[in-house]
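J.:
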Amino acid sequence: MRTLPPLNALIAFEAVARNQSVAKAGEELGISQSAVSHRLRLLEDYLAEPLLIKVGRQLQLSEAGRSYFGEVERILNELSHITRQVKGEGIAQLRLTAYSSFALKRLVPLLPSFRARNPEIDLRLQMITEEPVLSSTTGDLFICFAHSAPGYVSHLLHKERLVAVCSPSLYQEIDQQNWRQDLPQFPLLSCDLDEDAQQPGGDWAVWSKGLGISLPSNQAFHSFSHQVLALEAAATGQGIALVSDFMVEKDIREGKLVDLPVSSVYTGYDFYLCYKQARSRDQGLRAVADWLIETGASPLEV
1 MRTLPPLNAL
11 IAFEAVARNQ
21 SVAKAGEELG
31 ISQSAVSHRL
41 RLLEDYLAEP
51 LLIKVGRQLQ
61 LSEAGRSYFG
71 EVERILNELS
81 HITRQVKGEG
91 IAQLRLTAYS
101 SFALKRLVPL
111 LPSFRARNPE
121 IDLRLQMITE
131 EPVLSSTTGD
141 LFICFAHSAP
151 GYVSHLLHKE
161 RLVAVCSPSL
171 YQEIDQQNWR
181 QDLPQFPLLS
191 CDLDEDAQQP
201 GGDWAVWSKG
211 LGISLPSNQA
221 FHSFSHQVLA
231 LEAAATGQGI
241 ALVSDFMVEK
251 DIREGKLVDL
261 PVSSVYTGYD
271 FYLCYKQARS
281 RDQGLRAVAD
291 WLIETGASPL
301 EV
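Numbering (my numbering), first residue to last: 1 to 302.
So, in structure tokens, the structure goes:
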């Protein structure tokens with residue numbers, strides 16, 4: 001005989017733990033805050049364990065609550081997925097949160113292949129400009145720089161490299177046999193490596209140091225705040241740009257840009273896929289994760 005808790009109380013607990021708020025859980029479930037609190041007490045009495053504790057004004061999971069919530073969330077997600085399958089409905093929307101440049105240049109071109117393989121999954125792509133807070137309230141899967149977080153699984157997707165690119169017409173002017181000496185003769189397009197970059201040429205300094213070569217001390221640069229701008233300038237023949245490898249795959253493939261036959265340099269920024277350990281058996285989420293792991297590496301990698 002199965003030992004099951006009061007199911008309405010279980011659903012209320014999962015909603016409160018996920019939203020970290022009794023009020024938000026009540027709005028989601030369509031019941032009053034007092035009704036949510038009553039169901040929480042009912043579940044805690046049944047288990048004879050405190051699941052939620054108040055720290056100041058905040059509601060936090062107890063140690064037992066954290067362990068219980070992880071399994072309850074997973075089981076309810078799986079039950080929802082199976083129920084949708086039986087009813088002939090599609091899987092609920094999944095939110096994939098990623099940095100703007102990676103989302104725009106790496107993921108968007110690959111979305112048709114994912115949708116062809118998983119037509120029943122509504123994958124929503126969300127862009128961010130800074131490291132996200134890993135939380136179910138903001139996303140289901142994340143692509144970020146964090147390689148570990150409590151309660152989350154992480155997979156290394158991509159190690160970013162700087163690649164030198166230019167227009168096909170400018171490429172014809174470069175002496176490929178003496179590119180080390182010839183390169184400084186052409187306009188070098190520089191992008192800020194981070195928001196605090198003050199001096200143009202920081203990306204070229206990282207690149208040249210990684211290759212063990214020196215640029216002239218008086219080397220001039222044309223500075224841009226973002227790689228998208230430098231790429232547009234490079235495509236129109238204004239100079240040679242250093243950009244992240246995933247930013248130029250499509251343009252190189254279509255012949256808009258040419259990658260110079262010189263070594264690339266790792267920036268030290270690694271992209272990781274993160275999602276909750278408790279949801280690792282969620283079939284829809286696993287389909288997204290498997291696709292990302294399969295296609296995460298850049299075709300330009302050697």
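Glycine is no exception: its CB is placed at the ideal position from the N, C-alpha and C atoms.
Here's a check: name, in chain order, each residue in its chain whose Cβ is nearer than 7 Å to the Cβ of residue 211, leaving out the five neighbours to either side.
T.: Closer than 7 Å at the Cβ level, and outside the excluded window around residue 211, lie 263 and 265.
J.: For the alpha helix (DSSP H) that residue 362 lies in, which residues bound it at each end?
T.: Only positions 1 to 302 of the chain appear in the structure, and residue 362 is not among them; the question remains open.
J.: Apart from the five residues just before and just after residue 216, which ones in its own chain have a Cβ nearer than 6 Å to its Cβ?
T.: Once the five neighbours on either side are set aside, the close Cβ partners of residue 216 are 184.
J.: What is the residue span of the beta strand (DSSP E) that residue 124 lies within?
T.: Start and end: 121-128.
J.: Tell me, please, whether the stretch 228-243 touches the stretch 144-155 by the rule of three or more beta-carbon pairs shorter than 8 Å.
T.: No, the stretch 228-243 does not touch the stretch 144-155.
J.: Would you list the one or two residues that DSSP bridges to residue 240?
T.: Looking at the DSSP assignment, residue 240 forms a beta bridge with 188.
J.: Is residue 22 near the ligand ADP, in the sense that its beta carbon is under 7 Å from a heavy atom of that ligand?
T.: Absence of the ligand ADP is noted for the structure shown, with no ligands found whatsoever.
J.: Since residue 131 and residue 145 are thought to touch, with beta carbons under 8 Å apart, how far apart are those beta carbons, to the nearest angstrom?
T.: Their Cβ separation, rounded to whole angstroms, is 6 Å, which keeps residue 131 and residue 145 in contact under 8 Å.
J.: My output table needs one value for residue 268: the three-state DSSP class, helix, strand or coil.
T.: Of the three classes helix, strand and coil, the one that applies to residue 268 here is strand, per DSSP.
J.: Counting C-beta neighbours from all protein chains within 10 Å, is the total for residue 147 16 or more, i.e. buried, or is it exposed?
T.: Result: exposed.
J.: So the candidates are 31, 10, 69 and 30; which of them puts its Cα closest to the Cα of residue 41?
T.: Looking at the Cα atoms, 10 is the closest of the given residues.
J.: Just how far apart, CA to CA, sit residue 22 and residue 80?
T.: Cα to Cα, residue 22 sits roughly 22 Å from residue 80.
J.: Can at least three beta-carbon pairs, one atom from the stretch 102-116 and one from the stretch 50-66, be found at a separation below 8 Å?
T.: Contact between the stretch 102-116 and the stretch 50-66 is absent, because fewer than three Cβ pairs lie under 8 Å.
J.: Can you pull the DSSP bridge partners for residue 60?
T.: Its beta-bridge partners are 53.
J.: Kindly indicate which residue of 222, 223, 204 and 221 has the alpha-carbon position closest to the one of residue 214.
T.: Checking every option, the nearest Cα to that of residue 214 belongs to 204.
J.: If you follow the alpha helix (DSSP H) that residue 229 is part of, which residue opens it and which one closes it?
T.: Note, residue 229: alpha helix (DSSP H), 227-235.
J.: Quick one: measure Cβ to Cβ for residue 248 and residue 163, integer angstroms, because I've assumed they're closer than 8 Å.
T.: Yes, they are in contact, since the Cβ atoms of residue 248 and residue 163 sit about 6 Å apart, within 8 Å.
J.: Round the Cβ separation of residue 186 and residue 252 to the nearest angstrom and send it over; I've been treating them as touching at under 8 Å.
T.: About 18 Å; that fails the 8 Å criterion.
J.: Quick check: what's the CA-CA separation for residue 114 versus residue 49?
T.: Approximately 43 Å between the Cα atoms of the pair.
J.: How is the alpha helix (DSSP H) around residue 111 delimited, first residue to last?
T.: Counting along the chain, the alpha helix (DSSP H) containing residue 111 begins and ends at 111-117.
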